[in-house]
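Participant: I'd like to ask some things about the structure below.
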Amino acid sequence: MALLSIKNLTIEFPGVRALDNVSVDFHSGEIHALLGENGAGKSTLIKVVAGVWPCNMYTGQMLIDDKEVRFHSVKDSSDASVQVIYQELSLANNLTVAENIFLGYEPRVNGLIDFVTMHKRSLEILKKLGSTIPPDAVTGDLTIGEQQMVEIAKALSRKARLLIFDEPTAALPESDVQRLFTLIKSLKAQGLGIIYISHKLNEIKVLADKVTVMRNGCVVSQYNNNNFDMAVVVRDMIGRTLDKVFPVQKPFGDKVVLRLENVSLMKRGKTIINDISLECREGEVLGVAGLLGAGRTALFSYIYGVFSGNHSGKIIFEGNKYEPKDPADSISKGIVLVSEDRKKYGVLSTGSVRDNMIISSINQFTRFGIINESRSLQECNRYFDRIRIKSPSLSFCVSNLSGGNQQKVILSRFLMVKPKLILLDDPTRGIDVGAKQEIYALIHQLASEGMSIIVASSELPEVIGVSHRIVVLQNGQIKGEYKHGTTTEEEVLGIAAGVGA
Amino acid sequence: MFFLMALILVIFNALSGGYILRAENFANLIRQVTVVAILSVGMTMVIVLGHIDLSVGSALGMFGAITAALIDQANMDPVLAVTIIIVAGFLVGCLHGVLVYYLNIPAFVVTLGGLIAYRGVTQYVARQSIPVRTEWIKAIAQNFTPDYLSYFILALVIIVPVILTFMNRASIKNAQLPVKTPLWTEIVKLAVISLIAVVVIVPLIKGEGIPIQAVVLLIAAVVVGFISRNTPFGHYVYAIGGNSQAARYSGVSISRNTVLVFGLMTMLSAICGIITISELSAAAPDIGDLKELEAIAACVIGGASLAGGSGAIGMSILGALIMASIKNGMSMMGVVAQTQKIVLGTVLVFAVALDQWSRRGKGR
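Going down the list, the sequences are from chains Y and Z.
Residue numbers for the first sequence follow this note's numbering, so the first one is 1 and each next one is one higher.
Residue numbers for the second sequence follow this note's numbering, so the first one is 1 and each next one is one higher.
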């Protein structure tokens with residue numbers, strides 16, 4: 001008997017059929033992976049199971065223990081022991097860690113909240129996850145990785161028979177990933193059913209007992225772990241075979257576009273970047289590899305003009321001394337930043353695809369203070385096709401797009417200002433294999449057109465594969481530098497983790 | 001939503017016994033609505049930006065009173081006085097924006113302080129009602145457009161939307177994109193607009209003409225409406241309201257746009273102050289009282305979200321019209337002022353509930 005059984009589920013939104021007659025079973029004591037490109041319907045399926053999309057919005061059935069269930073809200077699914085850990089975290093940033101973990105289910109004593117018990121139980125749960133986050137820390141002050149840990153703790157604190165992970169390792173450091181896997185396996189041994197959504201195929205191979213592949217809202221194929229062939233699965237996902245993940249690299253010239261000299265960054269007394277010097281040339285793709293907390297994002301935000309701490313050192317951009325001021329200034333000089341947290345710093349959620357695309361480059365289409373509609377539409381159309389954004393139209397509300405397509409929209413936004421230096425912070429976070437490949441190809445196409453690109457990522461295969469040259473950032477310092485093809489993932493990881501010299 | 005609103009308007013007007021459609025009552029209705037409608041034009045932008053402006057009614061009173069005082073007591077040339085006031089309105093609004101952005105004081109607080117302080121100024125300056133004798137100022141609220149101008153305006157109101165609609169479709173086709181809304185929908189919408197225009201304006205022409213203050217409203221609505229959709233400034237305001245961090249990272253200047261939006265709002269308040277003293281031929285200490293709440297209600301009924309990022313000027317004006325129609329209709333039916341307030345409060349909540357309900361499935 002299946003723990004959760006989905007039968008003939010179909011759900012439609014204006015302009016798009018997100019799930020098309022989907023049927024799939026999930027069992028207790030089993031890790032069932034859900035694979036698919038962005039827009040394939042995985043997140044939508046999870047939202048249906050979790051009650052985010054209530055029962056009156058779809059046709060089809062959901063059965064738990066062979067009995068039909070109809071969820072009207074998230075609370076219904078939570079009461080039915082279904083817990084979800086979302087890719088986009090759902091925490092209240094102003095509350096403490098303990099308060100978030102027990103949100104809605106606070107332990108009571110005499111009708112009032114029992115803070116002591118709450119603190120103690122939070123400590124226990126976090127310890128089981130191997131985390132040292134203090135329960136009274138304010139959630140908004142934590143890094144994304146730490147917040148995700150709180151999210152997992154929250155799910156585990158409630159009664160859970162079915163645990164759903166939506167891209168949980170996207171922002172977790174390597175060490176925590178292993179701990180998470182061990183934890184998930186032990187939960188499986190305890191009899192929980194686990195649904196695991198991830199784009200990282202190597203993770204799926206290690207973890208999953210069963211794999212379901214979706215494409216365009218339909219279930220395409222299912223495999224057990226023993227007949228799981230990566231190439232076949234990828235083909236199922238994108239409908240075509242992936243030849244080479246990383247494009248052939250073109251040579252670049254000698255002209256140095258960006259030079260950092262002895263740059264240090266400090267915030268609230270803590271040194272985040274310690275005396276860094278690096279160069280990036282015209283047409284070069286420079287990779288910055290490092291674990292979470294190494295300082296990649298801080299470095300980028302400094303160059304872009306949004307760093308709010310103390311700094312020392314020099315930046316020379318295109319031969320001139322450059323003092324970062326604010327994003328508008330950086331953009332006007334030709335420097336753009338695609339941030340790692342697109343929900344917070346990227347997407348204008350109330351706007352359409354077109355609004356999101358033109359926001360940084362409006363002045364290009366403006367004459368006498370008035371926007372030239374047709375020119376702006378033409379330009380958007382060009383990038384729409386070139387970057388292959390999957391959206392019903394330019395006037396579609398961008399918050400209804402999948403994460404990967406939202407990222408593409410933001411990328412287009414910054415390409416439309418015709419930049420000379422592009423800073424990409426974790427550009428393929430939460431993006432599927434097919435779209436990743438498109439972005440790598442795009443990166444090299446832009447490089448061959450003379451743009452300089454600095455890619456920061458904690459996905460080591462990605463940063464090693466796509467860059468002409470990488471520097472390894474460890475604890476705010478550069479501890480290694482390699483040309484493409486002269487290093488391995490293990491070596492870089494060792495340096496990034498501070499193991500050995 | 002647009003059709004729903006237009007329908008409500010028509011129904012309510014008809015329900016009140018057809019009295020509404022008599023020219024003199026119409027002119028009356030338009031007068032009642034103009035000030036709130038102009039304020040809602042500015043308030044829409046403030047709300048879209050993600051803020052609120054509670055000082056609007058008191059600012060209206062303050063600037064109206066000072067104008068009257070400058071002309072009557074300081075013997076200033078009326079044209080100079082009005083110009084100074086409008087500029088002052090803009091500057092005071094900019095001050096609000098500066099306090100909100102640079103000192104990080106919530107707009108609610110800054111403008112609440114304004115509401116209290118400016119009312120004090122009004123009550124002081126106009127502690128004894130100040131008469132307004134300047135003919136052209138009185139004409140704004142009390143006179144009407146001559147027939148030729150009225151017909152011209154009617155023609156504009158019908159023709160311009162048609163031209164804009166087709167230009168819009170042309171520019172979409174030009175970009176080789178499929179045109180999303182079918183032609184018949186747009187034609188129906190244009191027909192409804194034209195119908196409403198005729199139904200509204202022709203009786204007026206047969207009467208005394210279009211109230212001049214309504215022309216002021218029309219100009220304000222068209223200008224600000226155009227700015228909000230076709231200029232970078234407009235886009236930036238919606239962007240900041242949608243996600244101010246993302247807007248900042250995209251190179252949008254939050255400081256400049258915030259200051260400008262608040263400046264615009266208070267400038268419009270000043271203009272409404274002048275219209276109000278024109279209406280009364282005097283400045284009284286309580287003019288503009290509670291007008292900010294009516295303006296906010298108009299925007300909200302018109303679908304603007306108080307969280308920022310969405311709202312439209314045309315819809316806010318429609319919201320003002322709905323409220324005014326209901327008030328007007330109730331007066332015609334002999335409902336007392338106290339009961340009117342109860343009804344209006346209920347309608348406000350109901351209208352927003354309706355709007356939220358109609359949005360519920362469309363993505364979160």
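By construction, the Cβ of each residue, glycine as well, lies at the ideal position given by its N, Cα and C atoms.
So, does the CB of alanine 239 (chain Z) fall closer than 8 Å to a CB anywhere in chain Y?
Facilitator: Closer than 8 Å to some Cβ of chain Y, the Cβ of alanine 239 (chain Z) qualifies, so yes.
Participant: Pick helix, strand or coil for alanine 289 (chain Y), following the three-state DSSP scheme.
Facilitator: Alanine 289 (chain Y) falls in the strand class under three-state DSSP.
Participant: Comparing the C-beta of glutamine 147 (chain Y) with each C-beta of chain Z, is any distance below 8 Å?
Facilitator: Not an interface residue.
Participant: CB-CB under 8 Å to glycine 500 (chain Y), same chain, minus the five flanking residues each way: which ones, in chain order?
Facilitator: With a pLDDT of only 48 at glycine 500 (chain Y), under the threshold of 50, the placement of this residue in the model should not be trusted, and no figure is reported.
Participant: Are the beta-carbon atoms of valine 398 (chain Y) and leucine 348 (chain Y) separated by less than 8 Å?
Facilitator: Yes.
Participant: Does alanine 328 (chain Y) have its Cβ less than 8 Å from a Cβ in chain Z?
Facilitator: It does; some Cβ of chain Z falls within 8 Å.
Participant: Figure out for me which residue from Y:Ser412, Y:Leu401, Y:Asn363 and Y:Thr366 has the closest Cα to the Cα of phenylalanine 384 (chain Y).
Facilitator: Checking every option, the nearest Cα to that of phenylalanine 384 (chain Y) belongs to Y:Ser412.
Participant: Should glutamate 373 (chain Y) be flagged as near chain Z, meaning a C-beta pair shorter than 8 Å?
Facilitator: Judged by the 8 Å Cβ criterion, glutamate 373 (chain Y) is in contact with chain Z.
Participant: May I have the straight-line CA-CA distance separating alanine 27 (chain Z) from serine 331 (chain Z), to the nearest angstrom?
Facilitator: Rounded to the nearest angstrom, the two C-alpha atoms are 15 Å apart.
Participant: Measuring only between beta-carbons, confirm whether valine 347 (chain Y) sits less than 8 Å from chain Z.
Facilitator: It does: the Cβ of valine 347 (chain Y) has a partner Cβ on chain Z nearer than 8 Å.
Participant: Would you check if the distance between the CB atom of leucine 424 (chain Y) and the CB atom of valine 463 (chain Y) is smaller than 8 Å?
Facilitator: Taking 8 Å as the Cβ cut-off, leucine 424 (chain Y) and valine 463 (chain Y) do not qualify as a contacting pair.
Participant: DSSP state of lysine 479 (chain Y), grouped into three classes?
Facilitator: Residue state, collapsed to three classes: strand.
Participant: State yes or no: is the C-beta of proline 54 (chain Y) within less than 8 Å of the C-beta of threonine 96 (chain Y)?
Facilitator: Cβ distance not < 8 Å, so proline 54 (chain Y) and threonine 96 (chain Y) don't count as in contact.
Participant: Counting only beta-carbon atoms, is aspartate 355 (chain Y) nearer than 8 Å to chain Z?
Facilitator: Yes, because at least one Cβ of chain Z sits closer than 8 Å to the Cβ of aspartate 355 (chain Y).
Participant: In this structure, does DSSP put leucine 162 (chain Y) in helix, strand or coil?
Facilitator: Looking at leucine 162 (chain Y) - three-state DSSP - the assignment turns out to be strand.
Participant: For the beta strand (DSSP E) that contains asparagine 328 (chain Z), what are its first and last residues?
Facilitator: Careful: asparagine 328 (chain Z) lies outside any beta strand (DSSP E), inside the alpha helix (DSSP H) at 313-332.
Participant: Where in the region 286-344 of chain Y do unbroken runs of the alpha helix (DSSP H), each at least 4 residues long, occur, reported from the N-terminal end onward?
Facilitator: Fully enclosed alpha helix (DSSP H) runs of 4 or longer: 296-304 and 327-333.
Participant: Leaving out five residues before and five after aspartate 72 (chain Z) in sequence, what residues of the same chain have Cβ atoms less than 8 Å from its Cβ?
Facilitator: Closer than 8 Å at the Cβ level, and outside the excluded window around aspartate 72 (chain Z), lie Ile130, Pro131, Val132 and Arg133.
Participant: May I have the straight-line CA-CA distance separating valine 222 (chain Z) from isoleucine 172 (chain Z), to the nearest angstrom?
Facilitator: Those two C-alpha atoms are separated by around 22 Å.
Participant: Assuming threonine 111 (chain Z) and serine 55 (chain Z) are in contact, meaning their beta carbons sit under 8 Å apart, how far apart are those beta carbons, in whole angstroms?
Facilitator: About 4 Å; that satisfies the 8 Å criterion.
Participant: Assign proline 146 (chain Z) to one of two classes, buried (16 or more other C-beta atoms within 10 Å of its C-beta) or exposed (fewer than that).
Facilitator: Its Cβ having fewer than 16 others within 10 Å, proline 146 (chain Z) is exposed.
Participant: Kindly give me the distance between the Cβ atoms of leucine 9 (chain Y) and leucine 19 (chain Y), rounded to whole angstroms, as I take these residues to be in contact under 8 Å.
Facilitator: Leucine 9 (chain Y) to leucine 19 (chain Y), Cβ: 5 Å. Contact.
Participant: For the alpha helix (DSSP H) holding lysine 154 (chain Y), just list the boundary residues, first then last.
Facilitator: Lysine 154 (chain Y) -> alpha helix (DSSP H) spans 144-157.
Participant: Lysine 120 (chain Y) bridges to which residues according to DSSP?
Facilitator: Bridge partners of lysine 120 (chain Y): none, in fact.
Participant: Tell me which residues of the region 400-423 of chain Y have at least one Cβ-Cβ distance to chain Z shorter than 9 Å, keeping chain order.
Facilitator: Listed by position along the chain: Asn400, Ile410, Arg413, Phe414 and Val417.
Participant: In the DSSP assignment, the beta strand (DSSP E) including valine 471 (chain Y) goes from what residue to what residue?
Facilitator: Per DSSP, valine 471 (chain Y) belongs to the beta strand (DSSP E) from 469-474.
Participant: How should arginine 215 (chain Y) be labelled, buried or exposed, when 16 other C-beta atoms within 10 angstroms of its C-beta is the threshold for buried?
Facilitator: Under this definition arginine 215 (chain Y) is a buried residue.
Participant: Could you name the residues that DSSP lists as bridge partners for serine 452 (chain Y)?
Facilitator: Beta-bridge pairing links serine 452 (chain Y) to Y:Leu421.
Participant: Pull up the DSSP beta-bridge partners for glutamate 261 (chain Y), would you.
Facilitator: Beta-bridge pairing links glutamate 261 (chain Y) to Y:Lys314.
Participant: Between glutamine 176 (chain Z) and chain Y, is any beta-carbon pair separated by less than 8 Å?
Facilitator: At least one chain Y Cβ lies under 8 Å of glutamine 176 (chain Z).
Participant: Are glutamate 279 (chain Z) and alanine 68 (chain Z) closer than 8 Å when you measure CB to CB?
Facilitator: No, the pair does not count as a contact, with Cβ atoms beyond the cut-off.
Participant: Could you tell me which chain Z residues have their CB closer than 7 Å to the CB of serine 393 (chain Y), listed as they occur along the chain?
Facilitator: Under the 7 Å cutoff, chain Z gives Lys180.
Participant: Using 8 Å as the limit for Cβ to Cβ distance, is isoleucine 331 (chain Y) near chain Z?
Facilitator: For isoleucine 331 (chain Y), the answer is yes, since a Cβ of chain Z falls inside 8 Å of its Cβ.
Participant: Could you have a look at arginine 429 (chain Y) and say whether DSSP puts it in helix, strand or coil?
Facilitator: Arginine 429 (chain Y): coil per DSSP, three-state reduction.
Participant: My output table needs one value for alanine 220 (chain Z): the three-state DSSP class, helix, strand or coil.
Facilitator: Correct three-state label for alanine 220 (chain Z): helix.
Participant: Using a Cβ cut-off of 8 Å (strictly closer), state whether lysine 267 (chain Y) contacts chain Z.
Facilitator: Not an interface residue.
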